[in-house]
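Since the structure comes first, as structure tokens, the remarks are kept for the end.
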Amino acid sequence: MTEKSEGDKTLFEHKILSTGQAVAYTLPNAGLQAILAIAVSFTLLFYINIMGQPPIVVGGIFSAGLVVYAMMCIIGGAIADKIGKKKVMLISGPVMAIAFIFIWMPPIPDTKYGQIYLPLIIWFLIFSFSFRMMIGAFQSSMLALFPELSTDEKNRVKVSMINMLMTILGIVIGIIGPFILMSNATQNLSREDPNLYYKNSASGQAIYSQIMLFVILIGIFFLVLMTLMMLIIKEPKKTNREHTGFKDILRGLSKPLKDRNYRRWLITFFIFWVPFMAFQFLAVNLATFVLDLRGIEFLIAILIGFISTIFSFVIWQKISQKFSLKKTFTICLIFSSISFSLILILIIPMTHQLTFIFGVAIICLCFCSLVGTMTFPFAIMGDLIDSAESKADGKSLSGTYSGAFIMIGSLAAALSMLIVSIILQLFGPESPISYALIISVVGSGLILIAVIIFQKVPIVGTEQR
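In structure tokens form, the structure reads like this:
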């Protein structure tokens, strides 16, 4: 947020990003999302099946890294408020890319499958934590730039839409890319198959080489996009930026939680993000075990889902132009709750053709709602940060507030995975009842609770300020 002061008044400077600038600002997100997609989808496969390490050890380190990431989001944002967002990004971005690449180059184990190989575990621990710390600092700093670059509500929604497109691009690259590169080696992959163990499996060795090649390319891809953004986007100068010590940074970490309005927004976000993360975790399983898709059916479903997702951008943009940001997001949440509840239909016995038709249609609705919930929170957060900074005499709060937002999202993902794991353990990963309980019962219920809490969050809108 940029502003000008005259006496006791704080005048907000009207700033917008052109389409070209918006694309430049969101470019790194494509590389970032590709990196995250690979980390989420392939870390367990790589370290458990190919490197042969015990799942409990790998999972423990992965979970601990997620906690480190959550904490670093808000710490990195606070540091960015003090020294500048682009400075933090310039340091954390390259280190993050290097750490990400090194995660996939551990010492090759010479033990039996399932036995701990200490050098590998230490390697994974060091670079996993380094990766999580740096990506937390980078994300919070990049997100904190947004309210300083654009102060117009409609422009923020536009930038958010472009950012969502970059997110989808990155996720597609991060998930589809490795399977294309690994070709036939991935056709029959099973996380429980010990024959993928690198020490005695040609398939495991082939996958290892392909993953290593791909992550190097993705790391370079991210650094190129980050460099372009750094060269094109200029960070607004803060005339009142304070050069204070680390104690002051730590003292500022509690500011987002002390802000009642922002605290309500964080609670809202946490509650509705739990079911949406669960849906993302289970989307492929849902298509495989509930819709029973196979071969060409899966490709058709992906194509229909992709088209509906792109089409939903137009729908949400039209709705946002007709209604206020708060009303638009309320509509989005209610629509999401209804879409998630429809999963219950799929546990009713019916022919495969009807299951395919209803299932693909319902999943498309869920993906359309996902687009909205990954787009509008970006603009809502910017509005609340503007309001908070106007009450703080223009003092920069975007880094700390953005960091808190990302941290809450990370914690919601952790809780979501816990809920998913418990229900799948109780009812089975192939049972349609598991997915109905997680998405329709727990998920839609949590979203409705989020709708109620969100009504207490004041969204002023820049045109009213």
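Going by our numbering, the letters in the sequence shown line up with residues 45 to 509, in that order.
Note that beta-carbon positions come from the ideal geometry of N, C-alpha and C, so glycine has one too.
1. So, are the CB atoms of L213 and L61 less than 8 Å apart?
2. Helix, strand or coil for W148 per DSSP?
3. Which runs of the alpha helix (DSSP H) at least 4 residues long sit entirely within the stretch 329–411? Give them in chain order.
4. DSSP state of S204, grouped into three classes?
5. Please report the distance separating the alpha-carbon of I249 from that of L162.
6. Smallest Cα separation from I142: which of K198, L76, L187?
7. DSSP on E236, reduced to helix/strand/coil?
8. With H, G and I counted as helix, E and B as strand and the rest as coil, what does DSSP make of A229?
9. Please say whether C408 and S352 have beta carbons closer to each other than 8 Å?
10. Pull up the distance between the alpha-carbon of V139 and that of M270, whole angstroms please.
11. Can you grab the Cα-Cα spacing for the pair A461 / F320, in whole Å?
12. One question on the structure: do V259 and F144 come within less than 8 Å of each other, judged by their Cβ atoms?
13. Drop a sphere of 10 angstroms on the beta-carbon of D427, count the other beta-carbons inside from all chains shown, and report buried for 16 or more, exposed for fewer.
14. With respect to the alpha helix (DSSP H) encompassing I493, which residues constitute its N-terminal and C-terminal limits?
15. Hey, quick one: how far does the alpha helix (DSSP H) through K302 stretch, first residue to last?
16. Can you list the alpha helix (DSSP H) stretches of 4 or more residues lying completely in the stretch 87–147, in chain order?
17. Specify the secondary structure class of P502 as computed by DSSP and reduced to three states.
18. Tell me which residues share the same chain as K302 and place their Cβ nearer than 7 Å to its Cβ, disregarding the 5 neighbours each side in the sequence.
19. Out of curiosity, what's the CA-to-CA distance linking I346 and F86?
20. Going by C-alpha distance, which of R200, V111, G96, S356 is nearest A448?
21. For P280, which of helix, strand or coil comes out of DSSP?
22. In the DSSP assignment, find the alpha helix (DSSP H) that holds Y479 and state where it starts and stops.
23. Grouping DSSP H, G and I as helix and E and B as strand, with all else coil, what is M425?
24. Rank L377, N305, N207 by C-alpha distance to the C-alpha of A66 and give the top, closest one.
25. Please state if the CB of S380 and the CB of T419 are separated by a distance shorter than 8 Å.
According to the structure shown:
1. If you number the sequence shown from 1, residue 213 lands on position 169. If you number the sequence shown from 1, residue 61 lands on position 17. Result no, Cβ atoms of L213 and L61 do not sit closer than 8 Å.
2. Here residue 148 is taken as the residue at index 104 of the sequence shown, counted from 1. It is coil, neither helix nor strand.
3. 340–366, 369–385
4. For the purposes of this step, residue 204 is taken as the residue at position 160 of the sequence shown. Note: S204 maps to helix in three-state DSSP.
5. Taking the sequence shown and counting its residues from 1, one reaches residue 249 at position 205. Taking the sequence shown and counting its residues from 1, one reaches residue 162 at position 118. It should be pointed out that residue 249 corresponds to Gln in this sequence rather than to Ile. Approximately 20 Å between the Cα atoms of the pair.
6. Position 98 of the sequence shown, counting from 1, holds the residue named residue 142. It is L76.
7. Numbered from 1 along the sequence shown, position 192 holds the residue referred to as residue 236. At E236 the pLDDT is 42, less than 50, meaning the model places this residue with poor confidence; the figure from the coordinates comes in the next sentence. Coil at E236, not helix or strand.
8. Within the sequence shown, the letter at position 185 stands for residue 229. Note on A229: pLDDT 48, under 50, position unreliable in the model; no value is reported.
9. Indexing the sequence shown from 1 puts residue 352 at position 308. Indexing the sequence shown from 1 puts residue 408 at position 364. Yes, the pair counts as a contact, with Cβ atoms nearer than the cut-off.
10. Here the question's residue 139 lines up with position 95 in the sequence shown. Here the question's residue 270 lines up with position 226 in the sequence shown. Straight-line Cα distance between these residues: approximately 12 Å.
11. Looking up residue 461 in the sequence shown gives position 417. Looking up residue 320 in the sequence shown gives position 276. Correcting the residue identity first, residue 461 is Met in this sequence and not Ala. Their Cα atoms are separated by approximately 11 Å.
12. As a working mapping, residue 259 is identified with position 215 in the sequence shown. As a working mapping, residue 144 is identified with position 100 in the sequence shown. Yes, the Cβ-Cβ distance between V259 and F144 is below 8 Å.
13. Taking the sequence shown and counting its residues from 1, one reaches residue 427 at position 383. So D427 counts as buried.
14. By one-based count along the sequence shown, residue 493 stands at place 449. Element bounds for I493: 488–498.
15. As a position in the sequence shown, residue 302 is number 258, starting the count at 1. K302 -> alpha helix (DSSP H) spans 299–302.
16. 99–127, 129–147
17. For this step, residue 502 is matched to residue 458 along the sequence shown. Coil.
18. Taking the sequence shown and counting its residues from 1, one reaches residue 302 at position 258. None.
19. For the purposes of this step, residue 346 is taken as the residue at position 302 of the sequence shown. For the purposes of this step, residue 86 is taken as the residue at position 42 of the sequence shown. Roughly 20 Å separates the two Cα atoms.
20. Counting from 1 along the sequence shown, the entry for residue 448 is found at position 404. It is V111.
21. Taking the sequence shown and counting its residues from 1, the one referred to as residue 280 is at position 236. Correct three-state label for P280: coil.
22. Along the sequence shown, read from residue 1 onward, the residue named residue 479 stands at position 435. Y479 -> alpha helix (DSSP H) spans 476–479.
23. Here residue 425 refers to the residue found at position 381 when the sequence shown is read from its first residue. Of the three classes helix, strand and coil, the one that applies to M425 here is helix, per DSSP.
24. Position 22 of the sequence shown, counting from 1, holds the residue named residue 66. Ranking L377, N305, N207 by Cα distance to A66 puts N207 first.
25. Translated into positions along the sequence shown, residue 419 becomes position 375. Translated into positions along the sequence shown, residue 380 becomes position 336. No, the pair does not count as a contact, with Cβ atoms beyond the cut-off.
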